[in-house]
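One line per chain: the protein sequences are D, B, F, G, S, V and L, in this order.
Mapping of the first sequence onto full-length UniProt numbering: position 13 corresponds to residue 13, and the numbering continues sequentially without gaps.
Mapping of the second sequence onto full-length UniProt numbering: position 74 corresponds to residue 74, and the numbering continues sequentially without gaps.
Mapping of the third sequence onto full-length UniProt numbering: position 25 corresponds to residue 25, and the numbering continues sequentially without gaps.
Mapping of the fourth sequence onto full-length UniProt numbering: position 79 corresponds to residue 79, and the numbering continues sequentially without gaps.
Mapping of the fifth sequence onto full-length UniProt numbering: position 26 corresponds to residue 26, and the numbering continues sequentially without gaps.
Mapping of the sixth sequence onto full-length UniProt numbering: position 56 corresponds to residue 56, and the numbering continues sequentially without gaps.
Mapping of the seventh sequence onto full-length UniProt numbering: position 24 corresponds to residue 24, and the numbering continues sequentially without gaps.
All C-beta atoms, glycine included, are put in the ideal place defined by N, C-alpha and C.
No experiment lies behind these values; they were computed from the predicted model shown.
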Amino acid sequence: MPQLSKTIVPMMDRVLVQRIKPQQKTASGIYIPEKAQEALNEGYVIAVGKGTVTQEGKVIASELKQGDKVLLPAYGGSAVKVDNEEFLLFRDSEILAKIL
Amino acid sequence: MPQLSKTIVPMMDRVLVQRIKPQQKTASGIYIPEKAQEALNEGYVIAVGKGTVTQEGKVIASELKQGDKVLLPAYGGSAVKVDNEEFLLFRDSEILAKIL
Amino acid sequence: MPQLSKTIVPMMDRVLVQRIKPQQKTASGIYIPEKAQEALNEGYVIAVGKGTVTQEGKVIASELKQGDKVLLPAYGGSAVKVDNEEFLLFRDSEILAKIL
Amino acid sequence: MPQLSKTIVPMMDRVLVQRIKPQQKTASGIYIPEKAQEALNEGYVIAVGKGTVTQEGKVIASELKQGDKVLLPAYGGSAVKVDNEEFLLFRDSEILAKIL
Amino acid sequence: MPQLSKTIVPMMDRVLVQRIKPQQKTASGIYIPEKAQEALNEGYVIAVGKGTVTQEGKVIASELKQGDKVLLPAYGGSAVKVDNEEFLLFRDSEILAKIL
Amino acid sequence: MPQLSKTIVPMMDRVLVQRIKPQQKTASGIYIPEKAQEALNEGYVIAVGKGTVTQEGKVIASELKQGDKVLLPAYGGSAVKVDNEEFLLFRDSEILAKIL
Amino acid sequence: MPQLSKTIVPMMDRVLVQRIKPQQKTASGIYIPEKAQEALNEGYVIAVGKGTVTQEGKVIASELKQGDKVLLPAYGGSAVKVDNEEFLLFRDSEILAKIL
Chain D
1 MPQLSKTIVP
11 MMDRVLVQRI
21 KPQQKTASGI
31 YIPEKAQEAL
41 NEGYVIAVGK
51 GTVTQEGKVI
61 ASELKQGDKV
71 LLPAYGGSAV
81 KVDNEEFLLF
91 RDSEILAKIL
Chain B
1 MPQLSKTIVP
11 MMDRVLVQRI
21 KPQQKTASGI
31 YIPEKAQEAL
41 NEGYVIAVGK
51 GTVTQEGKVI
61 ASELKQGDKV
71 LLPAYGGSAV
81 KVDNEEFLLF
91 RDSEILAKIL
Chain F
1 MPQLSKTIVP
11 MMDRVLVQRI
21 KPQQKTASGI
31 YIPEKAQEAL
41 NEGYVIAVGK
51 GTVTQEGKVI
61 ASELKQGDKV
71 LLPAYGGSAV
81 KVDNEEFLLF
91 RDSEILAKIL
Chain G
1 MPQLSKTIVP
11 MMDRVLVQRI
21 KPQQKTASGI
31 YIPEKAQEAL
41 NEGYVIAVGK
51 GTVTQEGKVI
61 ASELKQGDKV
71 LLPAYGGSAV
81 KVDNEEFLLF
91 RDSEILAKIL
Chain S
1 MPQLSKTIVP
11 MMDRVLVQRI
21 KPQQKTASGI
31 YIPEKAQEAL
41 NEGYVIAVGK
51 GTVTQEGKVI
61 ASELKQGDKV
71 LLPAYGGSAV
81 KVDNEEFLLF
91 RDSEILAKIL
Chain V
1 MPQLSKTIVP
11 MMDRVLVQRI
21 KPQQKTASGI
31 YIPEKAQEAL
41 NEGYVIAVGK
51 GTVTQEGKVI
61 ASELKQGDKV
71 LLPAYGGSAV
81 KVDNEEFLLF
91 RDSEILAKIL
Chain L
1 MPQLSKTIVP
11 MMDRVLVQRI
21 KPQQKTASGI
31 YIPEKAQEAL
41 NEGYVIAVGK
51 GTVTQEGKVI
61 ASELKQGDKV
71 LLPAYGGSAV
81 KVDNEEFLLF
91 RDSEILAKIL
């Protein structure tokens, strides 16, 4: 998991996620051409907002915490660049599952 | 039902489902060509999230539990690959029925 | 009403319905060609889910019960096949009316 | 108002309505060709459901009752055939007005 | 304001409105050709429903009453013909403003 | 701010606004051709409705009052003509900001 | 952060934001052609509205305050010009994250 040069605090029920990069070499050390690299739908939670704010102003904390490995939806999320790396901001409820 | 190498915990009201594969041989052992295999809308529940989180932050557990045989809608669900097998994540309310 | 080989328990506010088949012979026993058979918007309720789950987690039972004859909307519903027969799953609120 | 051979009980907040047929003769008894007959947006309420079911499961009875003459919207409603006559099922809130 | 031959009771939060007709003569009595007549977005409230029915079944009476002069939106409303005159049914909340 | 010949009372959470006209002369008195005049997204509040009516029938007064200078969205609002001048009716929540 | 000649008070849950301008020179002082300047999705909060007004009329203050550095979505927001500079008005919930 990357160590960012600045602290990102997602707003409300948002989570900052980094998609796990597809494998670039085979087990035996041969480079896989970029087109043949399989896109992964797994990522790590880098930061979590304070939670969902209800109509009554109550805050419901996320099920997720920093460091969680998660299953990401194929589409969606807002791409942002921090320290020249690609991250995604999702709403907590868009994350499909945790991987233990 | 498959034994996964990692534990998948669906988020909130989501359920992890595996569609039952269409029959590949006839009763008498003759292979059915792939095009003639009938797609099935039945599956098994592999894992269940903690439940629907209401506006008040209350959790309503799903009617479904691991191992349930279910009727799946023709469309929808998020396809995910775990251990090189295809699974689907549905919201609990998208599942059509349980089969006892 | 058909006797199914397996028990189907519709999820939540869903109902399992079988559309009544159009008449295939006239009163005097003459077969009606398939194209001239009039599609019917009537059906029988085969199974009923436990009911609508409200935002507060309360369950509101359906007005419908197994065996009810109902008026079906022209479109909608999820087609499912059980024992090689066609059935439809509707949300309780999509059913137009009961026929007594 | 027609006397139906079967009792239709509309579901929830639905009402069964029959559109008033356009005049087929002039006052002096001359037949009006079908194309020149003016479509009417008036109808009679034939049957009324038990009412709107709220999120809390409370039932709010309709303003309408059997026999009411009503103004119908130009579009919408589900057409159904009972005893070979055309009827319409509307949600209570789609009816525009009562005519006293 | 027209005197109708029948009483129209709008359903719920609906109001029956008659659009004010564009001027057909100039101040000096010259007829304005129909194409040059300016469409007006003003009307009179002819009848008012009992009010908005809330989720709890409470009725919130309209701000409007019979005889009010109102500003109408450019689009929307359901056109109905009563006594061969054109009227419009709007939901209370679609009316833009009262003119005192 | 214009003095209207009639009182306009916006319905509910609506506000009557007049867009500030673009400058027609330069500081030195030279006329700017109409095409070069810059459209302004500022306006004055001419009249304010009684407020938002909640699901419970409670009225929440607007933050805005007559005479407020406001930032208007680029699109939206219902154009109305009063005393041959152009005005706009917006819902209170569509106004972007107050300018003090 | 700019010092505006007039005070802008965003309505309700809106925030006034200024996008950080892309770098126009390299570290060594060479001008970057406008096309090569990278658009930034970071900005500063210039002003914050009083907060979200709930259905019950309660005000929920924003997580954001004047001076906060924020991550902005790629699209959305209403562009406004104040003192000949470009600003954006966003709803509080559209802001992706704070940068500390």
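8 Å contact criterion, which residue i and residue j should meet: CB distance rounded
i, j, result
"Arg14(V)", "Leu89(V)", "5 Å"
"Asp68(F)", "Val82(F)", "Contact doesn't hold; Cβ gap of about 19 Å is too wide."
"Thr7(S)", "Leu100(G)", "4 Å"
"Thr54(F)", "Glu56(G)", "7 Å"
"Met12(D)", "Gly49(D)", "5 Å"
"Ile30(F)", "Gln24(F)", "10 Å between Cβ atoms; not a contact."
"Lys98(G)", "Val9(S)", "4 Å"
"Arg19(S)", "Leu4(S)", "No, Arg19(S) and Leu4(S) are not in contact; Cβ-Cβ is about 15 Å, not under 8 Å."
"Ala74(B)", "Ser78(F)", "7 Å"
Per-residue DSSP class, three states only, for residue i
i, result
"Glu56(S)", "coil"
"Ser93(B)", "helix"
"Gly43(F)", "strand"
"Pro22(B)", "coil"
"Leu64(S)", "coil"
"Leu88(F)", "strand"
"Tyr31(G)", "strand"
"Leu4(B)", "coil"
"Leu16(F)", "strand"
"Lys98(D)", "strand"
Per-residue contacts from residue i into chain D (C-beta, under 7 Å)
i, result
"Gln55(B)", "Thr54 and Gln55"
"Asn41(L)", "Val80"
Contacts of residue i in chain G (Cβ-Cβ under 7 Å)
i, result
"Pro73(F)", "Ser78"
Host beta strand (DSSP E) of residue i (start-end)
i, result
"Pro78(V)", "The sequence shown places Ser at residue 78(V), not Pro. First-last of the beta strand (DSSP E) with Ser78(V): Ser78 to Val82."
"Ser10(G)", "In the sequence as presented, Ser is not what sits at residue 10(G); that position holds Pro. Note, Pro10(G): beta strand (DSSP E), Ile8 to Pro10."
"Lys69(D)", "Lys69 to Leu71"
Residue i CB to nearest heavy atom of the ligand SAH below 7 Å
i, result
"Gln24(G)", "As far as ligands go, the structure on display features none, and thus does not contain the ligand SAH."
Interface partners of residue i on chain G, CB under 8 Å
i, result
"Lys6(S)", "Ile99 and Leu100"
Interface residues of chain V facing residue i [CB-CB closer than 9 Å]
i, result
"Lys21(S)", "Those within 9 Å of Lys21(S) in chain V number zero; the least Cβ separation is about 16 Å."
Chain-ordered chain B contacts of residue i [CB-CB under 7 Å]
i, result
"Ser28(D)", "Per Cβ cutoff of 7 Å: no residues; Ser28(D) is ~19 Å from chain B at best."
Closer than 9 Å at the beta carbon, the chain G residues around residue i
i, result
"Pro10(S)", "Leu71, Leu96, Ala97 and Lys98"
Interface partners of residue i on chain B, CB under 8 Å
i, result
"Lys58(D)", "Glu56 and Gly57"
Closer than 7 Å at the beta carbon, the chain F residues around residue i
i, result
"Leu89(G)", "Leu96 and Ala97"
Residue i: contacting residues in chain D (beta-carbon distance under 8 Å)
i, result
"Leu16(B)", "Ala97"
Chain B residues whose Cβ lies nearer than 9 Å to that of residue i
i, result
"Glu63(D)", "Val9, Met11, Met12, Gly49, Lys50 and Val53"
**Three-pair Cβ contact test at 8 Å for the region 57 to 67 of chain V versus the region 91 to 100 of chain V** = yes
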